[in-house]
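Beneath this line is the structure, given in structure tokens, with notes to follow.
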Amino acid sequence: MAGSGRVTALDVIRGIAILGTLGTNIWIFTDPLGAAGFLTGPAPDSVAGFTETVLRFLTNGKFLALLSLLFGIGLELQYRAAMRRGRRWPGWYLWRSALLLVEGLLHYVLIFEFDVLMYYAVVSVLVAFLVGRSARVQRGWLIGVAALHVTVIGLLTAALALSDATVSGGAATSTDSWPEQVSTRLSDFATYRAEALFAIPLSTVLFLAGVRLWRAGALTSSGRAVQVRLMRIGLGVGVPLNLLTSFAGTEWFLADRYLAAPLVAFGLLGLVPWLLHRMRDEAGPLRRGLTAVGRSALSCYVGQNVVCSILCYGWGFGLAAMFADARPWWVAALFVSVCALLMLLASWWLSRFSRGPLEQVWHWAYQAPQRSRERVDATAH
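The sequence shown begins at 1 in UniProt numbering and counts up one residue at a time.
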């Protein structure tokens with residue numbers, strides 16, 4: 001069925017995006033200096049430095065942007081479901097956004113200082129009010145916010161290139177105890193959340209683009225023309241541009257992560273369904289694993305950060321400091337191992353339950369006030 005095929009493709013792409021975000025974040029977890037070391041970046045003047053630069057190029061920013069596109073698609077699906085059921089929009093969707101904000105805040109404070117869920121919660125409210133507007137209104141917002149975003153990134157990149165300033169990642173915390181890390185995240189909230197200046201406008205553009213691409217059939221078997229156009233732009237233009245920014249130096253970090261990499265994400269959104277619709281119907285172990293991760297995306301996103309924190313930080317096994325001289329080789333091995341673990345655990349869990357563990361909690365929290373409201377209404381009548 002076309003409908004099930006579309007859902008399957010969406011799950012696979014979401015799984016790729018979740019594991020792809022680990023491909024970026026793992027360089028933060030495994031750096032002895034944490035985020036500060038990650039933003040300094042390796043010098044590509046040795047075999048190890050060149051290899052790490054290439055590996056970072058493969059993941060930095062692309063899969064987070066892909067996840068943002070998919071979040072926009074998910075918002076569109078929620079909107080369509082509400083319209084089919086005759087429900088007021090955005091209605092209860094705003095409660096979903098509130099839950100996402102709380103989840104993101106907890107994730108930020110307790111686990112990982114570069115959480116994106118808080119940004120998504122903010123952007124989802126804005127786009128929820130735009131998804132039901134005309135195509136002209138959506139296009140105007142998309143173009144306007146994109147122009148603002150490009151201008152800000154361009155000006156900041158020029159400033160970095162013309163001065164000795166650098167992008168800061170905050171204090172080194174990888175050797176701190178867990179309570180110390182939590183305390184640092186709270187005290188340095190403004191520093192760590194400064195990424196909102198780039199992440200919120202970019203996510204707004206990508207959410208709206210996801211809405212429009214879903215309506216254009218970009219993930220369906222009949223959307224080949226859209227997929228090819230996406231690949232031409234994202235892979236034909238985005239990849240060469242992203243290669244240049246990846247090797248251009250740390251002053252190009254903002255352009256690399258927030259301009260070039262999102263362009264590549266559009267190519268990936270076209271490439272994955274283009275390949276999936278040409279594969280045999282029976283999924284192999286890799287596709288089944290990616291599908292399971294995609295179906296339990298929230299659990300896997302948080303879970304991969306918990307696993308890496310335990311393995312890498314000083315309060316856990318301290319692997320970041322222990323293998324500091326073995327970069328990037330041990331980092332690549334750790335990435336593959338954690339991805340395999342997530343696919344195995346997600347597949348095992350979903351063979352027994354209909355939702356991932358955090359998805360189960362999320363579903364209960366989302367439904368609880370609605371059930372309470374229904375009971376009050378029933379009593380009143």
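The C-beta atom is built at its ideal place from N, Cα and C for all residues, glycine as well. No experiment lies behind these values; they were computed from the predicted model shown.
query                                                                                                                                                                                     : result
Output needed for R193: all residues of its chain with C-beta closer than 6 Å, excluding positions within five of it in sequence on either side, in chain order.                          : none
Identify, in the order they occur along the chain, each residue of the same chain with its Cβ nearer than 6 Å to the Cβ of F198, setting aside the five sequence neighbours on each side. : Y258
From L155 to L208, what distance separates their C-alpha atoms?                                                                                                                           : 24 Å
Whose CA, out of N305, Y366, A147 and L290, lies closest to the CA of G15?                                                                                                                : L290
Where does N25 sit, in a helix, a strand or coil, going by DSSP?                                                                                                                          : helix
Tell me whether G316 sits in a helix, a strand or coil according to DSSP, three-state version.                                                                                            : coil
What are the start and end residues of each continuous alpha helix (DSSP H) run of 4 or more residues lying completely inside the UniProt domain "DUF418" (214-365), in chain order?      : 224-231, 239-246, 261-276, 285-295, 297-312, 319-322 and 329-350
Do A255 and I153 have their beta-carbon atoms positioned less than 7 Å apart in this structure?                                                                                           : yes
Does the region 84-98 touch the region 122-129, meaning 3 or more C-beta pairs lie closer than 8 Å?                                                                                       : yes
Under the rule that 16 or more other beta-carbon atoms within 10 Å means buried, what is A159, buried or exposed?                                                                         : exposed
Mapping the DSSP letters down to three states, classify A43 as helix, strand or coil.                                                                                                     : coil
Let me know the secondary structure DSSP gives G49 once reduced to three states.                                                                                                          : helix
Grouping DSSP H, G and I as helix and E and B as strand, with all else coil, what is P32?                                                                                                 : coil
Alpha carbon to alpha carbon, what distance is there between S372 and L235?                                                                                                               : 49 Å
Quick one: Cα of R355 to Cα of L271, how far?                                                                                                                                             : 27 Å
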